[in-house]
Every structure is written in C-alpha cells, then in structure tokens.
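K.L.:
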C-alpha cells in the first residue's frame with residue numbers, strides 16, 4: 050500500500066538568515082501552522098533533522114498612503130508568523146528534491162544547443 054503524505058495548505062517561505070548560526074533556518078509560515086505541523090512537514094518531505102522549533106507571531110506594519118486628493122490613509126499589512134528551526138546537522142549544498150523533473154528539461158536544452166536551425170542572439 051502506498052504511503053500517504055498530506056501537504057499543508059499554508060505558505061512556508063525560507064528567509065535569508067544572518068551569518069550567525071548555520072544550524073538555524075528561519076521560515077515565514079502561515080499563522081495557523083503549529084510547531085508539530087512544521088516539524089512533520091520538514092522531516093517527512095525534506096528529510097531535515099529538526100531539533101527544536103521556536104515561533105513568534107508578528108503584526109503587520111502600518112503604512113501611510115497618500116491618495117489622489119492628498120489625504121493620508123493607514124494601510125496595515127498582513128500579520129504573519131516566523132519560525133526558527135534548529136537543525137541537527139547542516140543539509141548538503143547539492144539538494145536535489147525534484148531531480149526527475151529537471152532531467153527532461155536538460156535533455157531539451159542539450160538538443161536545442163546541438164540543433165543548427167536555432168539561431169543564437171550572441172553570434173552567427
């Protein structure tokens with residue numbers, strides 16, 4: 050029987066981290082995603098060894114916008130949740146999760162490079 054995997058219906062975005070600690074990854078996750086959900090997602094899909102997860106809720110920034118009449122209106126950005134994930138070991142740099150999808154594309158690129166009928170912009 051095949052293994053069932055449920056993908057969350059919430060955005061998970063890897064944020065750029067400062068060069069302090071290489072064992073910690075920072076994610077911007079959906080407000081309704083819990084720590085166990087995030088840990089299960091990272092371990093089952095990406096096989097990352099998660100040690101600890103810390104989360105914090107942030108309120109969106111309020112920005113003043115001037116309309117066509119010159120009046121100011123406050124606009125609030127969406128609230129979000131940030132998660133800091135401490136990893137047991139650093140994942141390898143050559144992470145190929147979707148390698149099978151790139152193989153047909155690479156074959157097409159190589160075939161088009163060999164085809165003399167395709168004209169290049171940089172040369173004759």
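Residue numbers (our numbering): 50 to 173.
Just so you know, even glycine gets a beta-carbon here, dropped at the ideal spot from N, CA and C.
Are the segment 71 to 86 and the segment 123 to 138 touching, with three or more C-beta to C-beta distances below 8 angstroms?
P.N.:
yes
K.L.:
So what does residue 126 bridge to, in DSSP terms?
P.N.:
Counting from one through the chain shown, the residue named residue 126 turns up at place 77. Answer is none; residue 126 lacks a bridge partner.
K.L.:
Count the other CB atoms, across all protein chains shown, that sit within 10 Å of the CB of residue 90; report buried if there are 16 or more and exposed otherwise.
P.N.:
Within the chain shown, numbered from 1, the residue matching residue 90 stands at position 41. Burial call: buried.
K.L.:
Entirely within the segment 57 to 129 and at least 3 residues each: give me those beta strand (DSSP E) ranges in chain order.
P.N.:
61 to 64, 73 to 78, 99 to 107, 111 to 115, 121 to 125
K.L.:
Do you know offhand how far residue 126's Cα is from residue 100's?
P.N.:
Position 77 of the chain shown, counting from 1, holds the residue named residue 126. Position 51 of the chain shown, counting from 1, holds the residue named residue 100. Answer to the nearest angstrom: the Cα atoms are 32 angstroms apart.
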